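Notes follow once the structure below has been shown.
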Amino acid sequence: MPRAIVIGAGIAGIAVAVRLAVKGYAVTVLEANDYPGGKLSEIDRDGFRWDAGPSLFTMPILVDALFELAGRNPRDDFNYRRLEIACRYYYEDGTVLDAHADPLRYAAAVEAKLGVPAQVLHRHLQAAQQKYELTKGIFLERSLHRLGNLFKWDVLKALLHLPKLNLTSTMHARNMKKLKHPHLVQLFDRYATYNGSNPYSAPAVLNLIPHLENGIGAYFPVGGMVAITRSLVRLAEDLGVRFEYGRRVSQIILQNGRATGVQVGEEQYSADIVVSNMDIVPTYRKLMPDFPAPEKVLQHERSSSALIFYWGIDRTFPQLDVHNIFFSADYKAEFDGIFGNEGLHADPTIYIHVSSKMESKDAPAGMENWFVMINVPGDKGQDWDAIITESRKRIQTKLTRILGEQVARHIVCEEILDPRKIESKTSSFQGSLYGASSNSAMSAFFRHPNFSGKVKGLYFCGGSVHPGGGIPLCLLSARIVSEMVPAA
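Under the working numbering, think of the first position of the sequence shown as -11, with each following residue one higher.
Encoded structure:
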């Protein structure tokens, strides 16, 4: 039986392990941490539980597909519910807007709260779906770096509808043209943050992202987001995959133009193929330091990072939903800070996720677990301790003003995750959440391919390579890799 080594037990690493096991490989996953999941893990403290990283679940069919590939019924081990409200939005003028799963209710709310005709939202969501359908086969589901994939019917179809992809416009410019109302524009500009980009620079083709949430749906896994990790690890282990934790790979062994294994401390693991789920930058810099690296790709602008406060709150806030956004009054200034001078805007947009709204055991009775996040630049040597102190004050002041409660007095415990810790825990270069940013029309082509063109038997999956970051794209990267790997 041929052997496969997967470096890293992030969600893409787990998924590729499942797929390779089904394909007939003996798979070993080597993980530096003592737990699986990478960013998709959890934090427990004082009776509170928080999902540490991703908090929004879209495209659950991609998780289900892994169970089905293995001949299992996903509902036997993994379940989820569609949220009735995808997100609740708070604006500085006091407007509160719910993005309902039901498109008719969503449009009615937009018309009632913003005075924007319902058909404007309907047309915008339909355009998002059309962009998704035209591009998914090109940019999401197949390698961009295999010439044969360009001679497919869906590529020709996309070319025939090229004007509808808005490749020469930015997300913000397109949203301004079609939506006009500043609140609605800001709402749809926000989707650039789903891959760590800047809506004032990112191409308008990324306006397909809202379809994942509003068309396909926003979901909540039973047991929280970490249930995705746990269920897929169980599935992989059932298929014979071996997970070894606390095993930090120090080198990919290359012999005669082929990857033949990896080095862990004094021990070598031999393999027929090696798949790196590690960020592409440290993969080259640390695991293959003597191998010529693709410098243009590695030096591409990185995505944004995050500063997250995990707060245990000693009361409930019925005005909050599962997902909540408190918008900045000056969105452009906020993104200028993130992608320009590495500074932080004085009035950041705040995201709050409260999983205890769905899973009561995530917080003690009568309390809530707040996952409070702002977007920040990656780590380039900033004084993060000072930034954390100042950001905490700004967040608490803003939330107190909008919610009408002294938030600080209700915080009974706190954990913090900043770009430095994100990098140390997950090997994400500079703590970026999504690898490279998508701030240009050619960004998709700057992502590293899922295979090495110079080393046989070496493959790459995860958020720093094609097709991008976030749970759905990481799962798709695993599928792309498995389709490239020769049959066992």
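Yeah, the Cβ is synthetic: ideal placement off N, Cα and C, and Gly gets one too.
Here the structure is a predicted model, which is why all the values come from computation and not from measurement.
Would DSSP call E19 helix, strand or coil? strand
With a CB to CB cut of under 8 Å and the five nearest residues on each side skipped, what residues in its chain are close to V104? V98, L167, K168, H169, L172
Along the chain, where does the alpha helix (DSSP H) containing Y447 start, and where does it finish? Taken as a continuous stretch (DSSP letters only), Y447 belongs to no alpha helix (DSSP H), being part of the beta strand (DSSP E) at 446 to 448.
With F297 as the anchor, note down where its beta strand (DSSP E) starts and where it stops. 293 to 301
Please determine, among L308, V6, C449, Q174, the residue with the shortest C-alpha to C-alpha distance to E60. First, the residue type needs correcting, since residue 60 is Arg and not Glu in the sequence shown. Nearest option by C-alpha distance: V6.
Starting from the C-beta of A396, find all residues in its chain whose C-beta is less than 6 Å away, skip the five residues before and the five after it, and write them out in chain order. Q384
How would you label G392, buried or exposed, when you count the other beta carbons within 10 angstroms and need 16 or more for buried? exposed
Nearest candidate by alpha-carbon position, reference V453, set K442, E471, V443, S431: S431
Under 8 Å Cβ to Cβ from A0, same chain only, skipping five residues before and after it: list those, please. N265, C449, G450, G451, C462, L463, S465, A466
What would DSSP say about W141, mapped onto helix, strand or coil? Residue confidence is low: W141 scores 49 on pLDDT, short of 50, so the model does not pin down where it sits. No coordinate-derived value is stated.
Closest to M47 by CA distance: which of V10, I216, A40, G41 is it? I216
Here's the rule: buried if 16 or more other CB atoms are within 10 angstroms of the residue's CB, otherwise exposed. What is R49? Sequence inspection shows Ile at residue 49; the Arg mentioned does not correspond to that position. Exposed is the call here.
Cβ atoms of D350 and R(-9): under 8 Å apart, would you say? no
For the beta strand (DSSP E) containing Y79, list its first residue and its last residue. Segment: none, Y79 is in no beta strand (DSSP E) and carries neither H nor E.
Look at the alpha carbon of A281 and the alpha carbon of I73, and state the distance between them as a whole number of angstroms. 45 Å
Distance, Cα to Cα, L109 vs A476? 49 Å
Quick check on S470: does DSSP put it in helix, strand or coil? helix
Specify the secondary structure class of Q370 as computed by DSSP and reduced to three states. coil
Quick check on F417: does DSSP put it in helix, strand or coil? helix
Sort Q418, V210, P24, Y188 by Cα distance to Q287 and report the nearest one. Q418
Who are the near neighbours of N21 in its chain, counting only those whose CB is closer than 6 Å to its CB and skipping five residues on each side? none
Mind the definition here: the stretch 435 to 448 touches the stretch 298 to 315 only if three or more C-beta pairs lie below 8 Å; say whether that holds. no
Same chain only: Cβ atoms within 8 Å of T414, ignoring 5 sequence neighbours per side: G(-2), G26, K27, D267
Please check the pair I404 and F297, which I expect to be a contact at CB under 8 Å, by giving their CB distance rounded to whole angstroms. 6 Å
Beta-carbon proximity of S293 to S425, cut-off 8 Å: no
C-alpha gap between G253 and R235, whole angstroms: 8 Å
Can you tell me which of the three DSSP states S495 falls into? With the chain covering -11 to 476 only, the question about residue 495 has no answer from this structure.
8 Å Cβ cutoff met for V237 and I(-5): yes
Between I31 and the rest of its own chain, which residues show a CB-CB distance below 6 Å, the 5 nearest in sequence each way excluded? W38, A40, Y298, E403
For G456 and Y188, what's the separation of their Cα atoms in angstroms? 19 Å
Just to confirm the assignment, what range does the alpha helix (DSSP H) spanning Y68 have? Premise fails: Y68 lies in the beta strand (DSSP E), 68 to 70, not in any alpha helix (DSSP H).
Roughly how many angstroms separate the alpha carbons of D371 and S420, rounded to a whole number? 17 Å
So if DSSP puts M361 in a beta bridge, which residue, or which two residues, is it bridged to? I296, Y339
So, using beta-carbon positions, are D302 and V400 closer together than 8 Å? yes
Secondary structure at L332, three-state DSSP: helix, strand or coil? coil
May I ask which residues mark the beginning and end of the alpha helix (DSSP H) holding D177? 170 to 177
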